[in-house]
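2 protein chains.
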Amino acid sequence: MRDVCVIGLGLIGGSVLRAAALAGRSSWGASDSGSDVEAAVADGFDATADVAGALARAADADALVVLAVPLTAIDDVLRAVATHAPNCLLTDVTSVKAPVRDAVARIAPDARYAGGHPMAGTAESGWKAATATLFDGATWVVCAEESAGDDEPGTDLTAWRESAALAFDAGARVIALPALAHDGTVARTSHLPHLLAAVLANVAGGGGPLAAALAAGSLRDGTRVAGTRPELVRAMTEGNRAALLPVLDEALGLLGAARGSLASTGGLAATIDAGHDALAALTEQQGAPRTPVTLDLRAPDSLDALLSLGERGGWFTSLDGDVLTGEVA
Amino acid sequence: MRDVCVIGLGLIGGSVLRAAALAGRSSWGASDSGSDVEAAVADGFDATADVAGALARAADADALVVLAVPLTAIDDVLRAVATHAPNCLLTDVTSVKAPVRDAVARIAPDARYAGGHPMAGTAESGWKAATATLFDGATWVVCAEESAGDDEPGTDLTAWRESAALAFDAGARVIALPALAHDGTVARTSHLPHLLAAVLANVAGGGGPLAAALAAGSLRDGTRVAGTRPELVRAMTEGNRAALLPVLDEALGLLGAARGSLASTGGLAATIDAGHDALAALTEQQGAPRTPVTLDLRAPDSLDALLSLGERGGWFTSLDGDVLTGEVA
């Protein structure tokens with residue numbers, strides 16, 4: 001089992017370190033946050049404030065380096081990677097993927113990189129909130145990119161396999177997606193819901209005590225995620241700006257069309273019927289029977305096969321040597 | 001206890017008739033729907049397809065007439081009221097109030113009317129879904145209007161009291177609001193949530209199988225009410241057009257501002273922080289300690305007192321003679 005070096009020991013990084021250790025891996029962590037390091041050491045983990053030292057150790061051990069710092073700190077940490085572990089196997093757990101992919105190509109181009117996004121979290125933060133089971137049953141995107149000619153080779157399959165192996169050790173299922181497909185999809189499924197919840201809470205709040213008195217289930221459900229810590233929501237939405245803008249435009253277009261139709265003809269059938277059908281289709285896709293699949297990463301077309309399966313929403317649940325096992329609808 | 005005549009025997013009308021009967025009232029119902037009448041009679045209730053006859057009987061008994069038909073059928077039923085029970089005590093259970101108030105003034109101006117909206121429902125419809133406990137613990141708005149000069153007297157307090165008494169018999173709490181305040185508030189707390197859920201389901205659906213694979217709690221919560229039967233959502237949103245349009249404009253304005261800010265400065269703090277604070281304020285208002293109040297409907301300023309309490313989100317839970325008991329934050 002490959003060693004794991006986690007940079008950043010908050011909720012997600014701490015949970016990765018705990019899960020790696022629980023799986024029996026040799027693992028260590030480093031963080032700029034003195035309180036997280038202190039808490040991790042107190043819990044018996046190998047943690048240090050010396051990020052450079054931790055990376056140098058990773059280079060010596062050919063460990064998988066996991067970047068678990070906020071998007072705004074990625075560039076700084078990548079500079080340390082380029083200095084102390086320039087050829088390492090590298091992944092990250094940031095909630096947007098194209099900006100990190102681009103930063104790696106710019107700052108640490110020799111790293112063997114496959115980006116990751118474990119789709120799990122809690123309202124808490126910091127090492128003290130971390131658990132080894134945070135990712136149990138979660139979906140963990142591990143990014144894969146086709147080659148775009150000789151200058152841009154596709155994703156390093158060793159980096160992809162090692163990142164996926166860590167996700168499996170943590171109990172997650174893995175879906176292979178290009179960074180842009182990931183970012184565009186989470187803009188629809190997570191970032192837009194957070195912005196609409198904020199808008200709805202604002203409009204409902206304009207109704208004052210009467211809104212509080214008449215609020216029913218539709219408002220409670222529609223505003224729930226507006227209770228998420230604002231800095232977390234800002235980090236993921238602002239970090240995904242490029243993918244979120246067209247999705248926001250789509251939502252504005254649909255809401256504006258509803259407004260126009262209500263004002264002109266008085267009818268809202270197009271909006272409401274289509275929304276009902278779209279939810280039914282999503283629910284049906286989620287419940288559709290799935291077929292087992294296996295994929296051998298040594299096969300010459302394995303990168304294409306990974307991407308083709310991911311595009312259809314297929315995922316993997318385990319790895320035996322180089323052979324993945326999973327399912328697809 | 002005053003007799004009750006319910007016109008319309010679907011989910012809401014059927015539940016009103018069942019609750020009135022359970023409270024020991026002499027009660028009867030009528031409906032154009034043969035299947036609802038048949039089902040009600042089979043369940044041992046006094047129900048008929050003869051709407052005119054049921055209204056004439058209400059006029060003889062000075063019963064409270066409850067209109068429980070869709071908004072689109074209100075005008076027709078009001079014409080029958082004007083013919084067969086022109087001076088009756090009248091309420092309704094339609095989800096928008098200003099349009100019904102205006103229709104009553106136009107078609108059955110001699111009825112002693114106080115509009116109502118019991119805020120309860122299920123996904124089911126028809127007599128077979130009706131239960132005597134549907135309104136237990138629900139908020140039931142009973143509309144009250146100030147006098148606007150000699151030509152427009154305020155709400156008839158007998159009609160208000162009798163409508164509220166029926167709501168209390170059904171286990172609901174009663175809030176007194178002008179029709180416009182009701183319609184504007186439910187546009188914010190119920191109709192906008194339904195439209196945003198439809199828009200979100202549509203945008204998420206555009207993400208195809210990947211959206212289904214990556215969907216998390218924020219999407220599930222944000223789209224839940226898009227599963228409501230489209231004809232119900234259309235009826236309440238289209239029926240509340242006048243109040244819903246400015247609320248839609250508010251939502252469009254906030255979402256457009258978020259879009260503009262993300263595109264220009266890259267920041268979403270204004271939207272996200274304000275949404276978080278608005279939800280916290282709503283939740284705080286809902287959990288605020290409440291003080292007991294009583295209100296004597298015989299007092300000369302009782303209509304003003306009712307309205308002033310309603311405006312602050314205060315509600316009543318019981319009636320003893322002419323004295324209401326309730327609470328306000």
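Sequences listed follow chains A and B, in order.
Here the first sequence is numbered in UniProt numbering, starting from 1 and rising by one per residue.
Here the second sequence is numbered in UniProt numbering, starting from 1 and rising by one per residue.
In this text, a Cβ means the ideal position worked out from N, Cα and C, and glycines have one as well.
Checklist entry - In whole angstroms, what is the alpha-carbon distance linking A288 (chain B) and L248 (chain A)? => result The count along the second sequence starts at 1 and reaches residue 288 (chain B) at position 288. The count along the first sequence starts at 1 and reaches residue 248 (chain A) at position 248. A288 (chain B) and L248 (chain A): Cα-Cα distance of roughly 35 Å.
Next on the checklist: Please tell me whether R57 (chain B) has its Cβ less than 8 Å away from any Cβ of chain C.
Outcome noted: The chain inventory of the structure shown lacks chain C, comprising the protein chains A and B.
Item to check | Environment of M1 (chain B) [buried if 16+ CB atoms lie within 10 Å] | outcome: On the second sequence, position 1 is the one that residue 1 (chain B) refers to. The residue in question, M1 (chain B), is exposed, as its Cβ has fewer than 16 Cβ neighbours within 10 Å.
Checklist entry - Do T155 (chain A) and E145 (chain A) come within 8 Å of each other at the CB atom, strictly closer than that value? => result Taking the first sequence and counting its residues from 1, the one referred to as residue 145 (chain A) is at position 145. Taking the first sequence and counting its residues from 1, the one referred to as residue 155 (chain A) is at position 155. Taking 8 Å as the Cβ cut-off, E145 (chain A) and T155 (chain A) qualify as a contacting pair.
Item to check | Three-state secondary structure (DSSP) of S318 (chain A) | outcome: Within the first sequence, residue 318 (chain A) is the residue found at index 318, counting from 1. Reduced to three states, the DSSP call for S318 (chain A) is strand.
Item to check | Beta bridge counterpart(s) of H117 (chain A) as assigned by DSSP | outcome: For the purposes of this step, residue 117 (chain A) is taken as the residue at position 117 of the first sequence. The partner list for H117 (chain A) (beta bridge, DSSP) reads A:V141.
Checklist entry - Any C-beta of chain B sitting closer than 8 Å to the C-beta of V233 (chain A)? => result The sequence position of residue 233 (chain A) within the first sequence is 233, counting from 1. So, interface residue.
Item to check | Reference L71 (chain A), options A:L297, A:A176, A:M236, closest by Cα | outcome: One-based indexing of the first sequence puts residue 71 (chain A) at position 71. Ranking A:L297, A:A176, A:M236 by Cα distance to L71 (chain A) puts A:M236 first.
Next on the checklist: Quick check on DSSP: helix, strand or coil for E152 (chain A)?
Outcome noted: Residue numbering aside, residue 152 (chain A) sits at position 152 when the first sequence is read from its first letter. Residue state, collapsed to three classes: coil.
Next on the checklist: Spatial neighbours of D136 (chain B) within its chain, please: C-beta separation below 6 Å, excluding the five flanking residues on both sides.
Outcome noted: The residue given as residue 136 (chain B) occupies position 136 in the second sequence. Only G171 meet the Cβ criterion.
Next on the checklist: With DSSP as the reference, identify every bridge partner of G29 (chain B), one or two as the case may be.
Outcome noted: In the second sequence, counting from the first residue as 1, residue 29 (chain B) sits at position 29. Answer is B:V6, B:A47, bridged to G29 (chain B).
Checklist entry - Whose Cβ in chain B lies nearer than 7 Å to the Cβ of D273 (chain A)? => result Here residue 273 (chain A) refers to the residue found at position 273 when the first sequence is read from its first residue. Within 7 Å Cβ-Cβ: P230.
Checklist entry - So is M1 (chain B) in contact with chain A if we call contact Cβ pairs under 8 Å? => result Your numbering for residue 1 (chain B) matches position 1 in the second sequence. Not one chain A Cβ lies under 8 Å of M1 (chain B).
Next on the checklist: If distances are taken between C-alpha atoms only, which option among B:L157, B:T291, B:R79 comes closest to P109 (chain B)?
Outcome noted: Residue numbering aside, residue 109 (chain B) sits at position 109 when the second sequence is read from its first letter. Considering only alpha carbons, the answer is B:R79.
Item to check | Backbone secondary structure at A23 (chain B) - three-state DSSP | outcome: One-based indexing of the second sequence puts residue 23 (chain B) at position 23. If DSSP states are grouped into helix, strand and coil, A23 (chain B) belongs with coil.
Item to check | Proximal residues of chain B, C-beta to C-beta of R241 (chain A) below 7 Å | outcome: Position 241 of the first sequence, counted from the first residue, corresponds to residue 241 (chain A). Under the 7 Å cutoff, chain B gives L262, G266.
Checklist entry - Which residues bound the alpha helix (DSSP H) around G206 (chain B)? => result Working through the second sequence from its first residue, we reach residue 206 (chain B) at position 206. Unbroken run through G206 (chain B): none, as it is neither H nor E.
Next on the checklist: Please confirm whether I175 (chain B) has its beta-carbon closer than 8 Å to some beta-carbon of chain A.
Outcome noted: Walking along the second sequence from the start, residue 175 (chain B) turns up at place 175. Among the residues facing chain A, I175 (chain B) is included, as its CB has a counterpart in that chain under 8 Å away.
Next on the checklist: Distance cutoff 8 Å, beta carbons only. Does D221 (chain A) sit that close to anything in chain B?
Outcome noted: If you number the first sequence from 1, residue 221 (chain A) lands on position 221. Yes, because at least one Cβ of chain B sits closer than 8 Å to the Cβ of D221 (chain A).
Checklist entry - Which bits of chain A does S190 (chain B) rub up against, with CB to CB less than 8 Å? => result Numbered from its first residue, the second sequence carries residue 190 (chain B) at position 190. Residues of chain A passing the Cβ test: L214, A216, S218, L219.
Next on the checklist: How far does the beta strand (DSSP E) with L64 (chain B) in it extend, from its first residue to its last?
Outcome noted: Here residue 64 (chain B) is taken as the residue at index 64 of the second sequence, counted from 1. Taken as a continuous stretch (DSSP letters only), the beta strand (DSSP E) holding L64 (chain B) covers 64-67.
Item to check | Enclosing alpha helix (DSSP H) for D221 (chain B) [first to last residue] | outcome: As a first step, residue 221 (chain B) is located in the second sequence; it is residue number 221 there, counting from the start. Residues 217-223.
Checklist entry - For S95 (chain B), does the count of other Cβ atoms within 10 angstroms reach 16, so buried, or fall short, so exposed? => result Walking along the second sequence from the start, residue 95 (chain B) turns up at place 95. S95 (chain B) comes out buried.
Item to check | Local conformation of V328 (chain A) per DSSP, three classes | outcome: Working through the first sequence from its first residue, we reach residue 328 (chain A) at position 328. DSSP places V328 (chain A) in strand when its eight states are reduced to three.
Next on the checklist: With a threshold of 8 Å between beta-carbons, can V199 (chain B) be considered close to chain A, or not?
Outcome noted: For this step, residue 199 (chain B) is matched to residue 199 along the second sequence. Yes, V199 (chain B) lies at the interface with chain A (some Cβ there is under 8 Å from its Cβ).
Checklist entry - Got a sec, what are the start and stop residues for the alpha helix (DSSP H) D76 (chain B) sits in? => result To locate residue 76 (chain B), count along the second sequence from 1; it is residue 76. Its alpha helix (DSSP H) spans residues 74-84.
Item to check | Under 8 Å between C-beta atoms of S218 (chain B) and V225 (chain A) | outcome: For the purposes of this step, residue 218 (chain B) is taken as residue 218 along the second sequence, with counting starting at 1. For the purposes of this step, residue 225 (chain A) is taken as residue 225 along the first sequence, with counting starting at 1. Yes, these two residues count as a Cβ contact at 8 Å.
Item to check | Beta carbon proximity, E146 (chain A) to chain B, threshold 8 Å | outcome: Here residue 146 (chain A) corresponds to residue number 146 of the first sequence, with the count starting at 1. Taking Cβ atoms only, chain B never reaches closer than 8 Å to E146 (chain A), which makes this a no.
Item to check | Short-range partners of chain B found in the stretch 82-111 of chain A, where Cβ spacing is below 9 Å | outcome: none
Next on the checklist: Rounding to the nearest angstrom, what Cα-Cα distance links A56 (chain B) and A63 (chain B) in this structure?
Outcome noted: Here residue 56 (chain B) refers to the residue found at position 56 when the second sequence is read from its first residue. Here residue 63 (chain B) refers to the residue found at position 63 when the second sequence is read from its first residue. For A56 (chain B) and A63 (chain B), the distance between alpha carbons rounds to 10 Å.
Checklist entry - Between the stretch 191-200 of chain B and the stretch 243-263 of chain A, do three or more beta carbon pairs fall short of 8 Å? => result Judged by Cβ distances under 8 Å, the stretch 191-200 of chain B makes contact with the stretch 243-263 of chain A, as three or more pairs qualify.
Item to check | Residues of its chain near V81 (chain A), where Cβ-Cβ distance is below 7 Å and the 5 sequence neighbours each way are ignored | outcome: Here residue 81 (chain A) refers to the residue found at position 81 of the first sequence. So the list reads L55, V65, C88, L90, A108, A111, once near-sequence residues are dropped.
Item to check | Given 8 Å, three or more beta-carbon pairs between the stretch 205-217 of chain B and the stretch 263-277 of chain B | outcome: no
Next on the checklist: Is there a Cβ of chain B sitting closer than 8 Å to that of residue 345 (chain A), yes or no?
Outcome noted: Any answer about residue 345 (chain A) is impossible in this case: the structure gives chain A only from 1 up to 329.
Next on the checklist: So the candidates are B:V328, B:S33, B:S318; which of them puts its Cα closest to the Cα of L307 (chain B)?
Outcome noted: In the second sequence, counting from the first residue as 1, residue 307 (chain B) sits at position 307. When each option's Cα is compared against that of L307 (chain B), the closest is B:V328.
Item to check | Three CB pairs or more closer than 8 Å across the stretch 274-291 of chain A and the stretch 277-296 of chain B | outcome: With the cut-off at 8 Å, the stretch 274-291 of chain A and the stretch 277-296 of chain B do not touch.
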